[in-house]
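Mapping of the sequence shown onto my numbering: residues 89 to 417, in sequence order.
Beta carbons: idealized from backbone N, C-alpha and C, even for Gly.
Bear in mind that the values here come from a model prediction, so they are computed numbers and not experimental data.
Please read the structure below before turning to the comments.
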Amino acid sequence: MYLNNIRPRRNRKNHAMRSLMRETILTVDDLIMPLFIVEGKDQIIPVDSMPGISRFSRDLIVKEVKELWNLGVKCVSLFPALDDSIKDRLATESKNPNGLLQKTIKDIKDACPDMLIMTDVAMDPYSSDGHDGIVCEKTGEILNDETLDILSAMALSQAQAGSDIIGPSDMMDGRVGHIRETLDSEGFHKTQIMSYTAKYASAFYGPFRDALDSAPKAGDKKTYQMDPANLTEALREIELDEAEGADILMVKPGISYLDVIAKMKERTNLPVAAYNVSGEYAMVKAAAEKGWIDGEAVSLEMLTSFKRAGCDMILTYFAKECAINFAKN
Ligand code: PBG
């Protein structure tokens, strides 16, 4: 008789045993909640392509942030949705000390001083062209070095308003070093940089661009965001971001890029983050609404897989739901 004496199933036999065996544990400490903000008062404007996610006016975002803090979420990432009338070629509004983002950072810090605030650095929410860098008026090219001063001014303005973590999401060459130098020269050596190190030119950002009305007016982002087919190129970006002074490296999107996350974790001694982006969120929500999948279980499985791949932290629109879920159990 065949002696079947090696039995992995012993280690899975019941809930208690599985708890003991669990290698990866997702907690609320791992999660960063992205939030969309709008001008006005008493506004909660749902994002159609992201069920459960809305744009909040300043008065209401403070309430939302307090609620998140009480649920154990310790970091939020803020994205302003601006009226087209204040967008221009050079993203001038991005450095306005009285801009929507800057005012919101101050409101949140007044009301909930321990909540960490992360802010995005890229021109697109402020740009009439919908690009992350300056568009050359003659050729349509995205100008790299000319954009760096704008990004640094934006980062400085966010740091001055009270942002804890600057997140350059623009993928211009040299931006991390340029921003670091600007922050340091102005006395903001404590302000962190979480670099979007490997940010891919992905089709998963659609719902986010709906939320901010920030889609490119012409062309695409392929001359600055990475080709989804490439991994070695991500390793090169790691080296550059480390040398330029990043504090945390990020991969974006997440779920189709777990190999990039795993490789990044292997290659760096810096903390690694992933951005579970809008399209990934929308797919789960849409299928769950149809009753085709269990949305809650799928989202937890996805987020656990980020941690298994090596992530130290995850930006995810599921953060609040997860936190509510964890608080229940
Ligand atoms: C801005 C930015 C984008 C996202 C985060 N920062 C969009 C883009 O690059 O077009 C996408 C986030 C998401 O899809 O959830 N540069």
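Counted within 10 angstroms of its Cβ, other Cβ atoms place residue i as buried (16 or more) or exposed
| i | result |
| --- | --- |
| methionine 89 | exposed |
| asparagine 364 | buried |
| lysine 488 | Because the chain in this structure spans residues 89 to 417, residue 488 falls outside the shown range and cannot be described. |
| glycine 187 | buried |
| isoleucine 205 | buried |
| glutamate 354 | exposed |
| proline 213 | buried |
| aspartate 202 | exposed |
| leucine 263 | Reading off the sequence shown, one finds arginine at residue 263, where the question assumed leucine. Buried, by the Cβ-count rule. |
| aspartate 308 | exposed |
| alanine 361 | buried |
| glycine 221 | buried |
| histidine 103 | exposed |
| aspartate 329 | buried |
| aspartate 172 | exposed |
| methionine 401 | buried |
| glycine 183 | It should be noted that the sequence gives lysine, not glycine, for residue 183. Lysine 183 is buried by the Cβ-count criterion. |
| serine 273 | exposed |
| aspartate 130 | exposed |
| threonine 279 | buried |
| methionine 260 | buried |
| proline 96 | exposed |
The ligand PBG heavy atom lying under 7 Å from the CB of residue i
| i | result |
| --- | --- |
| lysine 305 | no |
| glycine 367 | yes |
| aspartate 258 | yes |
| aspartate 298 | no |
| lysine 175 | no |
| phenylalanine 414 | no |
| lysine 101 | no |
| aspartate 220 | yes |
| alanine 362 | no |
| alanine 370 | no |
| aspartate 212 | yes |
| aspartate 136 | no |
| lysine 373 | no |
| lysine 129 | no |
| aspartate 198 | no |
| lysine 309 | yes |
| aspartate 208 | yes |
Collapsed DSSP secondary structure at residue i in the structure displayed
| i | result |
| --- | --- |
| isoleucine 120 | strand |
| asparagine 93 | coil |
| asparagine 158 | helix |
| cysteine 410 | helix |
| isoleucine 113 | coil |
| serine 145 | strand |
| glycine 275 | coil |
| leucine 391 | helix |
| lysine 340 | strand |
| threonine 270 | helix |
| serine 137 | coil |
| leucine 178 | coil |
| serine 257 | coil |
| methionine 105 | helix |
| tyrosine 284 | strand |
| methionine 203 | coil |
Start-to-end residues for the beta strand (DSSP E) that takes in residue i
| i | result |
| --- | --- |
| leucine 63 | The chain is shown from 89 up to 417; residue 63 falls before or after that span and cannot be answered. |
| proline 213 | Careful: proline 213 lies outside any beta strand (DSSP E) and carries neither H nor E. |
| alanine 362 | 360-364 |
| threonine 404 | 401-404 |
| isoleucine 133 | 132-134 |
| isoleucine 326 | Careful: isoleucine 326 lies outside any beta strand (DSSP E), inside the alpha helix (DSSP H) at 320-332. |
Range covered by the alpha helix (DSSP H) that runs through residue i
| i | result |
| --- | --- |
| proline 295 | 294-300 |
| alanine 291 | Note, alanine 291: premise wrong, no alpha helix (DSSP H); not H, not E. |
| isoleucine 349 | 346-355 |
| isoleucine 238 | 232-249 |
| isoleucine 193 | 188-199 |
beta-carbon residue i near the ligand NAD non-hydrogen atom, thresh 7 Å
| i | result |
| --- | --- |
| phenylalanine 292 | The ligand NAD is not part of the structure shown, which contains the ligand PBG as its ligands. |
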